[in-house]
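Notes follow the structure.
In the working numbering, the protein residues as written are 11 to 170.
Set out below in C-alpha cells:
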C-alpha cells in the first residue's frame, strides 16, 4: 500500500465519474483538502481511506460504472449530532449479512438515539451513491468521527 496525495484521489474521480456523482466526489475531495485530510489509497486501487491521528475515519470507493460510496465504521454513536444529520445517518445504517469469512456478525445498538438491530460491525454507515444533499451529513459525520470515533475497535478504523 502506497501513501498518495489527494490529487491522485481527484485524478481517479476525473477518470471514473461523470455528472452529479463526479461533482459530489470532487466537492468532498475539496472539503478534505480544506480540512487538511489527505486520502490514502488502500490495497485496492478503487478504495481510499482518510487517516487522522492513527485511525482511519472513513473509506471511499470510486468504482467503474459511475459508482462512488462513502462508508463510516462501527463505533460510538451516542454523542450529539445535529438532528438532520442524525436522521440521514440512521437511514444509511447497514445491517449485517455476514459478508465474508471471519465476520464478527452484527450488533444491536443505538445510533444517535434510535435502536437498530443487527448493525454491521464494520461498514456501519454507508452513503452509497451520495448526492449533493448528502454532503453536509458526510461532512458532519467526518467531524463527529474526528472527535468520537478514535477509540473504535472496528477492523477498518485500525487498518489501512
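Built from N, CA and C at the ideal position, the CB exists for glycine as well.
Inset, instruction - Count the CB pairs spanning the segment 32-46 and the segment 84-100 that are closer than 8 Å, and state whether there are at least three. - result: With the cut-off at 8 Å, the segment 32-46 and the segment 84-100 do not touch.
Legend entry - Top-ranked residue by Cα proximity to residue 120, from 111, 112, 110, 105: Distances from the alpha-carbon of residue 120 to those of 111, 112, 110, 105 put 105 closest.
Legend entry - Simplified DSSP assignment, three categories, for residue 118: Strand.
Legend entry - Sequence-distant residues of the same chain with beta carbon closer than 6 Å to residue 62, five excluded per side: Taken in chain order, the residues that qualify are 156.
Inset, instruction - Taking 7 Å as the cut-off, decide whether the C-beta atoms of residue 142 and residue 72 are in contact. - result: For residue 142 and residue 72, no; Cβs fall outside 7 Å.
Legend entry - residue 21 versus residue 138: straight-line alpha-carbon distance, rounded: So the alpha carbons of these two residues sit roughly 20 Å apart.
Inset, instruction - Just grab the DSSP bridge partners of residue 124 for me. - result: Partner(s): 121.
Inset, instruction - Determine the burial state of residue 53: buried for a count of at least 16 other Cβ atoms within 10 Å of its Cβ, exposed for fewer. - result: Exposed: under 16 other Cβ atoms inside 10 Å.
Legend entry - Buried/exposed call for residue 13, threshold 16 Cβ in 10 Å: Model confidence at residue 13 stands at a pLDDT of 40, short of 50, so the residue's coordinates are unreliable; what they give is reported in the following sentence. Classification of residue 13: exposed, given that the 10 Å Cβ count is below 16.
Inset, instruction - Please list, in chain order, all residues of the same chain as residue 183 whose beta carbon is under 6 Å from its beta carbon, the five residues on each side excluded. - result: With the chain covering only 11 through 170, there is no way to say anything about residue 183.
Legend entry - Contacting residues, own chain, Cβ-Cβ under 6 Å from residue 159 (five flanking each side not counted): Excluding positions up to five away in sequence, the list reads 85.
Legend entry - Extent of the continuous beta strand (DSSP E) run through residue 150: It is not in any beta strand (DSSP E) - residue 150 instead sits in the alpha helix (DSSP H) that spans 145-158.
Legend entry - Cβ pair residue 148, residue 129 closer than 7 Å: Cβ distance not < 7 Å, so residue 148 and residue 129 don't count as in contact.
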